[in-house]
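Peer 1: Residue 149 in our numbering sits at position 29 of the sequence shown, with consecutive numbering throughout. Built from N, CA and C at the ideal position, the CB exists for glycine as well. Every value quoted in this text rests on a predicted model; they were computed, and no experiment measured them.
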Amino acid sequence: MTEISIAEAKAKFAALVARAEAGEQIVVTRNGRPVACLGPLQAQKPVVYGDLRGLWV
Numbered sequence: 121m122t123e124i125s126i127a128e129a130k131a132k133f134a135a136l137v138a139r140a141e142a143g144e145q146i147v148v149t150r151n152g153r154p155v156a157c158l159g160p161l162q163a164q165k166p167v168v169y170g171d172l173r174g175l176w177v
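This is the structure in structure tokens:
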């Protein structure tokens, strides 16, 4: 996990997004404190009508 300041993140945003897309997690800091995390989204399975049938009474 990489830590980067807000100022540096603003200057290198496109490169950080590419790194996140590749699977890396980047922690954005303000005054040395973590304030945000940039990372890859996890793929979501589409919801299909009837998938939850029988789970609720």
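On the DSSP bridge list, what partners appear for R139?
Peer 2: Position 19 of the sequence shown holds residue 139. Bridge partners of R139: none, in fact.
Peer 1: On the premise that A140 lies in contact with G160, defined as a C-beta separation below 8 Å, what is that separation, rounded to the nearest angstrom?
Peer 2: In the sequence shown, counting from the first residue as 1, residue 160 sits at position 40. In the sequence shown, counting from the first residue as 1, residue 140 sits at position 20. According to the sequence displayed, residue 160 carries Pro and not Gly. Going by Cβ atoms, the distance from P160 to A140 rounds to 6 Å, so yes, they are a contact pair.
Peer 1: With DSSP collapsed to three states, give me the class of E123.
Peer 2: Position 3 of the sequence shown holds residue 123. Three-state DSSP puts E123 in a strand.
Peer 1: Please report the straight-line C-alpha distance between A135 and L175, rounded to a whole angstrom.
Peer 2: Position 15 of the sequence shown, counting from 1, holds the residue named residue 135. Position 55 of the sequence shown, counting from 1, holds the residue named residue 175. If I take the Cα positions, the gap works out to 44 Å.
Peer 1: By DSSP's criteria, A156 is part of a beta bridge. Which residues make up the other side?
Peer 2: For this step, residue 156 is matched to residue 36 along the sequence shown. A156 is bridged to V148.
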